[in-house]
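Trainee: Residues in the sequence shown are numbered from 11 upward in steps of one, following our numbering. Even glycine gets a Cβ: it sits at the ideal position worked out from N, Cα and C. There's a structure below that I have some questions on.
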Amino acid sequence: MGGPSLVELIAEADERGLAASGLACLDRCVPLLGGGDDVLRPLWGSLAEGGAWDMALAEARVKLGGADVLEDPSADEAITLAHRMLGAVPSARSAAELREWADACSVAALQIHRLLDTAPDGGARPSSLSARREGRTDGMSPLVAAELRRQVRILELLANQGAGAGALRQALEVSIEGRRVLRAVVSRRERGSRV
Numbered sequence: 011m012g013g014p015s016l017v018e019l020i021a022e023a024d025e026r027g028l029a030a031s032g033l034a035c036l037d038r039c040v041p042l043l044g045g046g047d048d049v050l051r052p053l054w055g056s057l058a059e060g061g062a063w064d065m066a067l068a069e070a071r072v073k074l075g076g077a078d079v080l081e082d083p084s085a086d087e088a089i090t091l092a093h094r095m096l097g098a099v100p101s102a103r104s105a106a107e108l109r110e111w112a113d114a115c116s117v118a119a120l121q122i123h124r125l126l127d128t129a130p131d132g133g134a135r136p137s138s139l140s141a142r143r144e145g146r147t148d149g150m151s152p153l154v155a156a157e158l159r160r161q162v163r164i165l166e167l168l169a170n171q172g173a174g175a176g177a178l179r180q181a182l183e184v185s186i187e188g189r190r191v192l193r194a195v196v197s198r199r200e201r202g203s204r205v
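Following this line, the structure appears as structure tokens:
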């Protein structure tokens, strides 16, 4: 990949860019949280319009639940990672907390895609996710490669255009595409487990 790595883009992002980056990772994983496509729309709206982030977050957490999943040691790892991402969303949008959350969401989303991908990832060691995020992408499985591209694309959009409504709308569109892909993967996996 040319240009800055994912790690560099997160390090350089501003507060709204970080919030949008983390939210987009979470949004793509909504199929694992059992939520509808619009469940995080109020959070996107609060980013675009400067609304009450904490209230929108509380509403999303009520709708998506997940405390039982986090307390169940036998729960599916991908689902647990998605619920941890939701549980870790900062209720106050401070740059330091958002940077830590966006970084953790980036890693979790890549790990979720690796767990769900039926194709082998050429670097399946835990440390290889760090290498992926730093730009070493050879041997990546298709699902992980697509997720990495989406994360980079969203951060580039927000860096180049600012975090105005237009950039946020484009970031959401990129995320919606990824959510559709993940929903199809989750659906296939559920059908396979029933066979």
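Taking a contact to mean a Cβ-Cβ separation below 8 Å, would you say Ala-169 touches Glu-22 in this structure?
Mentor: Their beta carbons are under 8 Å apart, which means Ala-169 touches Glu-22 by this criterion.
Trainee: Contact defined as beta carbons within less than 8 Å: I believe Ala-92 pairs with Leu-28. What is the distance between those atoms, to the nearest angstrom?
Mentor: Their Cβ separation, rounded to whole angstroms, is 19 Å, which puts Ala-92 and Leu-28 out of contact at 8 Å.
Trainee: With a threshold of 16 other CB atoms inside 10 Å of the CB of Ala-34, please say whether the residue is buried or exposed.
Mentor: When all chains shown are included, Ala-34 counts as buried.
Trainee: Enumerate, from N- to C-terminal direction, the unbroken alpha helix (DSSP H) stretches of 4 or more residues contained entirely within the segment 18-49.
Mentor: Qualifying alpha helix (DSSP H) stretches, in chain order: 25-38, 40-43.
Trainee: Please report the straight-line C-alpha distance between Glu-69 and Arg-146, rounded to a whole angstrom.
Mentor: In a straight line, the C-alpha of Glu-69 is about 38 Å away from that of Arg-146.
Trainee: Would Ile-122 pass as a contact of Ala-88 if the rule is Cβ separation under 8 Å?
Mentor: Yes, these two residues count as a Cβ contact at 8 Å.
Trainee: Is Arg-6 near Leu-158, with beta carbons less than 8 Å apart?
Mentor: Outside the modelled stretch of the chain, which goes from 11 to 205, sits residue 6, for which no answer is possible.
Trainee: Would you tell me roughly how many angstroms separate the C-alpha atoms of Leu-96 and Asp-148, rounded to the nearest one?
Mentor: Roughly 30 Å separates the two Cα atoms.
Trainee: What's the C-alpha gap between Leu-167 and Ser-185?
Mentor: Between Leu-167 and Ser-185, the C-alpha separation is close to 12 Å.
Trainee: Please report the straight-line C-alpha distance between Leu-50 and Leu-67, rounded to a whole angstrom.
Mentor: Approximately 8 Å between the Cα atoms of the pair.
Trainee: For Gly-45 and Leu-16, what's the separation of their Cα atoms in angstroms?
Mentor: C-alpha separation (whole angstroms): 27 Å.
Trainee: If we call anything under 8 Å between Cβ atoms a contact, is Arg-189 one with Arg-38?
Mentor: Yes, Cβ-Cβ distance for Arg-189 and Arg-38 is below 8 Å.
Trainee: Helix, strand or coil for Met-150, going by three-state DSSP, please let me know.
Mentor: If DSSP states are grouped into helix, strand and coil, Met-150 belongs with coil.
Trainee: Excluding sequence positions up to five away, which residues of its chain have a Cβ less than 6 Å from the Cβ of Arg-199?
Mentor: There are no such residues.
Trainee: How would you call Gln-171, buried or exposed, if buried means at least 16 neighbouring beta carbons within 10 angstroms?
Mentor: Classification of Gln-171: exposed, given that the 10 Å Cβ count is below 16.
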